[in-house]
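Sequential numbering of the sequence shown, starting at 4, is according to the numbering used here.
Yeah, the Cβ is synthetic: ideal placement off N, Cα and C, and Gly gets one too.
The structure presented is a predicted model; accordingly, all values stated were derived computationally and were not measured.
Remarks on the structure that follows.
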Amino acid sequence: MRLSRGVPLLAAALLTGAVTWPVPAAAAAGTDGHCVRQDRLRVPGAAYQRTACLPDLTTTGLAGTPYTDTADQAGLTARATRRPSGVPGVQIDGYFPDSSHFNTTHGRPHDAQFVIRLPDHWNGGLVVTGAPGTRRQYATDKAISDQVVARGYAYAATDKGNSSADFYRDGTRAGDAVAEWNSRTTQLTRAAKRAVAQRYGRAPRRTYMTGISNGGYLTRWQLEHHPELYDGGVDWEGTLWTADGPNLLTSLPTAVARTLGSASDDAMYAAGFARGSEFLWPYHEQAYWGVTQKTYRAEFDPAYDPACPGASAGSTTQQILAPCASDAVYDYAARPASVHRAVARVALTGRIGKPLITLQGDLDTLLPVAADSDVYARMVDASGRDGLHRYYRIEGGTHVDGLYDTYPDRLRPILPCYRTAFDALVAWVEHGLQPPADRTVGRPASGDVVDSCSLQR
């Protein structure tokens with residue numbers, strides 16, 4: 004690892020193949036005029052980059068090309084979500100120097116890969132994100148990139164310095180992999196700002212940090228540690244890390260025990276899992292709980308069970324998702340101080356330095372809201388930064404919007420609420436308009452929930 008470092012959000016995103024890397028003839032020729040200066044763009048610090056001028060930077064236009072990866076986006080959005088199209092501009096793909104090789108996108112096994120999109124019609128802003136789970140740099144193209152580039156923002160995303168369920172193998176010390184996520188996000192933000200200035204002749208007027216799950220964690224961490232780089236952020240169900248808990252390693256062992264038949268419903272509720280989320284438990288037993296617990300435990304506490312997951316989380320989807328039996332009795336509080344110190348290296352404090360909006364579904368069954376965003380909101384309040392924070396619980400929301408397609412009568416997608424929250428953040432930062440007070444956003448009994456959400460009462 005050189006400066007270099009997720010759990011799959013859906014099994015479908017675990018095993019994806021390499022793609023070829025052609026440059027469209029029209030893009031190379033620059034016949035429409037908007038490719039003229041693309042050869043002058045250089046991403047500072049990049050070990051490799053490839054630049055293309057494209058007729059459409061959205062997934063509507065990029066689907067089926069090597070400029071996005073729809074398989075890595077699986078499950079993150081509801082099937083009927085409307086998507087914009089027709090956003091011409093420049094895309095830069097590349098990577099920063101790194102010694103790990105989990106990311107095989109474009110047939111180049113190299114981590115610290117990034118994508119930067121620079122629309123022709125720029126609004127002066129930049130949006131930065133990091134991949135959720137252990138996905139890669141194109142993971143949030145549908146959920147985030149499509150909307151922001153259509154509104155004129157430049158966009159930059161990183162694979163966080165590693166990907167795949169084997170991420171815990173990166174680095175030499177416990178916690179190195181997750182610590183690298185933060186360094187890579189900071190690195191990309193600084194480089195993207197300079198690339199934007201090359202493209203448009205001036206630096207971005209506003210820069211926003213945002214992300215889903217692990218990307219939400221990155222948003223919190225960046226606004227706590229590097230507020231000078233950003234004007235604000237939207238945290239969509241960010242992962243909570245605290246040295247003494249709660250964190251993933253305090254709630255998921257109970258879920259693993261449930262999977263293996265040794266934990267009751269009451270034990271699940273005590274661990275923070277919401278009453279009413281029981282219908283989602285069987286799916287999470289198969290797709291989330293086992294792999295999440297074992298890989299993050301291996302990241303922060305590799306001595307606990309060196310044989311599981313061992314040198315790899317697995318070579319098949321079944322092996323990767325399977326839980327370790329030892330995790331059913333894992334007791335984070337009783338683990339050595341060295342484990343808590345490893346988590347402390349990446350822990351959150353709540354001391355944000357720029358406006359932040361947090362959203363999380365009240366039926367999140369991977370990161371229980373009672374043990375995550377509820378706690379983080381209290382941390383922000385305790386740090387005296389509550390004036391910079393808004394927190395919205397989304398009734399009927401869960402960790403991935405794709406589950407709405409299976410349970411449309413019980414769930415609602417969070418993406419439309421996220422888009423409303425992003426607009427609210429921009430109005431807050433740029434026009435001083437205060438967002439609505441913290442609240443639970445109710446699930447409407449009827450009407451459009453796939454593309455509409457109001458944060459107002």
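Pair within 8 angstroms by beta-carbon distance, residue i and residue j
i: Ile397; j: Gly364; result: yes
i: Ala424; j: Ile360; result: yes
i: Gly218; j: Thr298; result: no
i: Tyr421; j: Leu362; result: yes
i: Ala81; j: Asp367; result: no
i: Thr73; j: Thr62; result: yes
i: Pro312; j: Ala301; result: yes
i: Leu121; j: Val90; result: no
i: Val130; j: Thr189; result: no
i: Thr242; j: Tyr211; result: no
i: Arg354; j: Glu227; result: yes
Terminal residues of the alpha helix (DSSP H) in which residue i lies
i: Cys420; result: 418-434
i: Val342; result: 340-347
i: Arg187; result: 179-203
i: Tyr2; result: The question about residue 2 has no answer here: the residues shown for the chain are numbered 4 through 460.
i: Tyr299; result: 292-303
i: Tyr379; result: 376-385
i: Gln321; result: 320-324
i: Gly64; result: 62-65
i: Thr257; result: 251-262
i: Ala273; result: 268-273
First and last residue of the uninterrupted beta strand (DSSP E) at residue i
i: Tyr394; result: 392-397
i: Ala55; result: 51-57
i: Val151; result: Looking at the DSSP string, Val151 is not in any beta strand (DSSP E); the run it does join, the alpha helix (DSSP H), is 149-153.
i: Val444; result: 442-444
i: Leu129; result: 128-133
Rounded separation between residue i and residue j - CA only
i: Leu157; j: Gly64; result: Per the sequence shown, residue 157 should be read as Ala rather than Leu. The straight-line gap from Cα to Cα measures roughly 17 angstroms.
i: Ala273; j: Arg413; result: 23 angstroms
i: Gly400; j: Pro416; result: 6 angstroms
i: Ala448; j: Cys56; result: 45 angstroms
i: His343; j: Asp247; result: 7 angstroms
i: Ile147; j: Asp268; result: 35 angstroms
i: Leu44; j: Phe117; result: 15 angstroms
i: Ala427; j: Pro339; result: 43 angstroms
i: Ala32; j: Gln41; result: Legend: pLDDT at Ala32 = 32, less than 50; position of this residue unreliable, value from coordinates given subsequently. One C-alpha to the other measures close to 11 angstroms.
i: Arg460; j: Val444; result: 8 angstroms
i: Asp384; j: Ser167; result: 35 angstroms
i: Gly155; j: Ala206; result: 15 angstroms
i: Met271; j: Gly127; result: 47 angstroms
i: Pro25; j: Gly92; result: Note on Pro25: pLDDT 37, under 50, position unreliable in the model; the coordinate value appears next. So the alpha carbons of these two residues sit roughly 17 angstroms apart.
i: Val152; j: His402; result: 24 angstroms
i: Asp234; j: Ala177; result: 32 angstroms
i: Tyr98; j: Ala115; result: 5 angstroms
i: Gly275; j: Thr253; result: 10 angstroms
i: Thr137; j: Gln76; result: 12 angstroms
i: Arg446; j: Pro419; result: 12 angstroms
i: Glu183; j: Tyr171; result: 11 angstroms
i: Ala30; j: Asn250; result: Reliability of the predicted coordinates at Ala30 is poor, the pLDDT of 37 falling under 50, and the value obtained from them is presented with this limitation in mind. Cα-Cα distance, rounded: 46 angstroms.
i: Lys196; j: Ala160; result: 12 angstroms
i: Ser457; j: Gly110; result: 42 angstroms
i: Arg381; j: Pro69; result: 43 angstroms
i: Asp408; j: Arg193; result: 38 angstroms
i: Asn165; j: Leu191; result: 14 angstroms
Residues that DSSP places opposite residue i in a beta bridge
i: Ile119; result: Ile95, Ala159
i: Trp239; result: Ile215, Leu362
i: Thr409; result: Thr409 is not bridged to any residue.
Would you mind listing the beta strand (DSSP E) stretches within the stretch 76-113 that are 3+ residues and don't spill past its ends, in chain order? Taking 3 residues as the shortest admissible run, the stretch 76-113 contains the following complete beta strand (DSSP E) segments, listed from N- to C-terminal end: 92-98.
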